[in-house]
Amino acid sequence: MLKSRIARPDDLTAADVLEMHKLFSRYYDQVPFEQFSADLQAKDQIILLHDKQGTLSGFSTLAELELDVDRERIRVVFSGDTIIDRKHWGTQALALAWIRQIGRIAAAAADQPLYWLLIVKAHRTYRYLPAFTYDFVPDWRKPSRGALDVTRDAIATQVFGSRYDAASGIIRHAQRDGRLASPYSTPNHREAKRADVQFFLKSNPGYVHGDELVCLCEIKAANMKPFARRIFREAVAC
1 MLKSRIARPD DLTAADVLEM HKLFSRYYDQ VPFEQFSADL QAKDQIILLH DKQGTLSGFS
61 TLAELELDVD RERIRVVFSG DTIIDRKHWG TQALALAWIR QIGRIAAAAA DQPLYWLLIV
121 KAHRTYRYLP AFTYDFVPDW RKPSRGALDV TRDAIATQVF GSRYDAASGI IRHAQRDGRL
181 ASPYSTPNHR EAKRADVQFF LKSNPGYVHG DELVCLCEIK AANMKPFARR IFREAVAC
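Going by my numbering, the first residue of the sequence shown is number 1, and it counts up by one from there.
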């Protein structure tokens, strides 16, 4: 049983950050501590998971942004570094904590559109989108471009600047680091047959070098799958 808590960067001790970096580095190659720490400080909230012994078992970082897109003020939740220890793969603890926190963020300014910006280095992360939501981009089932694609490009250009290539939807970094370690980056035989996994691999062939596919969906109850919608509505109502 994993327990979650929400923290801000200033709440974390030096030991907390070292433990987070140690866990992250088990699964990602070439992540210097200084870079990891700087990225962490640039976020607004961290979801931390601990097991019953108090050992850090996973985390996800969030940044809250306000941007002007097409003459409309919108809010964006940007998911940063996210990992869960392999022995807890399959647990819903991180998903539940993330959805609850997103509901709280949505409730804080319910009159403003809210989007989830997710940058994806691995096929398993891409699968969060169809697991939680109905309408997102890019979607292997809807190859034609629409309004959500345009919004994604506008957001990504503001956030990532010249690193973002709108033609491909990919962020390419000058320094190739932070890539998923090879034991975890390659789909297994069963995963490789999935249409969503095949789409990710085709869309982001440079993922093995740390390239990231930029994904976006609107966060609202109507766009959420039943499991996520129930948790989201409960959090909004609190």
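Here a beta-carbon is modelled for each residue, glycine too, at the ideal position from N, C-alpha and C. The structure presented is a predicted model; accordingly, all values stated were derived computationally and were not measured.
Check	Outcome
May I have a chain-ordered list of the alpha helix (DSSP H) segments no shorter than 4 residues that lie completely inside the segment 132 to 162?	147 to 160
I want to know whether the segment 99 to 118 touches the segment 192 to 210 - three or more CB-CB distances under 8 Å.	no
Tell me the rounded alpha-carbon separation between I99 and F232.	6 Å
Decide if the segment 137 to 156 is in contact with the segment 220 to 238; the criterion is three or more beta carbon pairs, one per stretch, under 8 Å apart.	no
Contact check, I171 vs I105 under 8 Å by CB: the rounded distance?	That pair is no contact at about 23 Å.
With distance defined between alpha-carbon atoms, name the residue in R163, W89 and V69 nearest to L49.	W89
Counting C-beta neighbours from all protein chains within 10 Å, is the total for M1 16 or more, i.e. buried, or is it exposed?	exposed
Residues in the same chain with beta-carbon distance under 7 Å from D39, minus the five sequence neighbours each way, listed in chain order, please.	G80 and D81
Taking buried to mean at least 16 other C-beta atoms within 10 Å of its own C-beta, is E212 buried or exposed?	buried
Whether or not the segment 21 to 36 and the segment 62 to 70 are in contact is what I'm after, with contact meaning three or more pairs of Cβ atoms, one per stretch, closer than 8 Å; do they touch?	no
Contact check, I74 vs L117 under 8 Å by CB: the rounded distance?	Not a contact, Cβ separation roughly 11 Å.
Can you tell me where the alpha helix (DSSP H) with W98 in it begins and where it stops?	A93 to A108
Tell me, please, which residues DSSP counts as bridged to L12.	L12 is not bridged to any residue.
For the alpha helix (DSSP H) that contains S37, what are its first and last residues?	F33 to Q41
Return the residue from the list F24, Q53, Y134 and F78 that minimises the CA-CA distance to E66.	F78
Could you have a look at I231 and say whether DSSP puts it in helix, strand or coil?	helix
Report back the beta-carbon spacing between L94 and G54 to the nearest angstrom; my notes put them in contact at under 8 Å.	No, L94 and G54 are not in contact; Cβ-Cβ is about 17 Å, not under 8 Å.
With DSSP as the reference, label Y115 as helix, strand or coil.	strand
For T151 and G178, I'd like the C-alpha separation in whole angstroms.	26 Å
Is it buried or exposed, R229, if we count other Cβ atoms within 10 angstroms and call 16 or more buried?	buried
Can you tell me which residues form a DSSP beta bridge with A63?	F78
Could you check what DSSP says for G58 in three-state terms: helix, strand or coil?	strand
With DSSP collapsed to three states, give me the class of A7.	strand
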